[in-house]
Amino acid sequence: DPEIDPDGYPKDEEVWPMRVYIGPSLDHDVMNQPGMVNLALWIGSDAIGVEEQTSTLIGTGYDSSTWKVDDWLAKDRPEIIVYEDTTARSDHASFQDNLGTVTMGFGGLVDGYWCYHQTCDTVDEMIDWMDTTGKDYGEERSGTSNLVDALDTITWWATYSFFHLDENPVRSAYLEG
Numbered sequence: 003d004p005e006i007d008p009d010g011y012p013k014d015e016e017v018w019p020m021r022v023y024i025g026p027s028l029d030h031d032v033m034n035q036p037g038m039v040n041l042a043l044w045i046g047s048d049a050i051g052v053e054e055q056t057s058t059l060i061g062t063g064y065d066s067s068t069w070k071v072d073d074w075l076a077k078d079r080p081e082i083i084v085y086e087d088t089t090a091r092s093d094h095a096s097f098q099d100n101l102g103t104v105t106m107g108f109g110g111l112v113d114g115y116w117c118y119h120q121t122c123d124t125v126d127e128m129i130d131w132m133d134t135t136g137k138d139y140g141e142e143r144s145g146t147s148n149l150v151d152a153l154d155t156i157t158w159w160a161t162y163s164f165f166h167l168d169e170n171p172v173r174s175a176y177l178e179g
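Residue numbers are given in the working numbering: position 48 of the sequence shown equals residue 50, and the series is strictly consecutive.
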């Protein structure tokens, strides 16, 4: 069995899923922003073509401190996860709090990655982390290849989101009143 991160973050020794996180959400066990969640899923499946690797996490029936990893494991550790988060990272909180807007963020090697926001957080370090050659999981690919593919996926996902939201905005469900 894989060893799970003690902070309840959905990752283990083998898989660090790409995350598409949406907020604000007041509850870990209810989908409060279905418009943005469904937009993220639609872009992932239609434009990016990763529907088979993607799953939505929701904490129904799970403890608020471990729901992400619990649902991730229950769904057989998908490589890409879309979920609403009850806590906003610092760069999202000001938009959610001051503008009342819904935000979408992307992540991967963040929580649990000891170089995040440290001086060792370099391209060379990310390439080492992304290398899957000689591993018992994933495709045999260099760290550079995996990093380029990951950045390409996130860039296109964000670009398609921007184009869609510019044409047809998704308002925060909390403003719908």
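Backbone N, C-alpha and C define an ideal beta-carbon position, used for all residues, glycine too.
As the structure is a computational prediction, the values presented were derived from the model and not from experiment.
Beta-carbon spacing of residue i, residue j below 8 angstroms
i, j, result
"residue 86", "residue 34", "yes"
"residue 145", "residue 130", "yes"
"residue 23", "residue 109", "yes"
"residue 73", "residue 59", "yes"
"residue 2", "residue 143", "The chain is shown only over 3 to 179; residue 2 falls outside these bounds and no answer can be derived."
"residue 37", "residue 172", "yes"
"residue 147", "residue 103", "no"
Close beta carbons around residue i, own chain, < 8 angstroms, minus the five adjacent residues each side
i, result
"residue 166", "41 and 45"
"residue 94", "25, 105 and 107"
"residue 158", "49 and 50"
Proximity winner among the options, relative to residue i (alpha-carbon distances)
i, options, result
"residue 64", "75, 43 and 139", "75"
"residue 56", "117, 83 and 96", "83"
Beta-carbon contacts of residue i that lie in its chain and below 7 angstroms, excluding the five residues immediately before and after
i, result
"residue 149", "128, 129 and 132"
"residue 27", "34, 35, 86, 87 and 88"
6 angstroms CB neighbourhood of residue i in its chain, flanking five on each side removed
i, result
"residue 101", "none"
"residue 61", "30, 31 and 69"
Next on the checklist: My parser needs the beta strand (DSSP E) runs of 3 or more residues fully inside the segment 62–145; what are they?
Outcome noted: DSSP runs (the beta strand (DSSP E)) wholly in the segment 62–145: 82–86 and 105–109.
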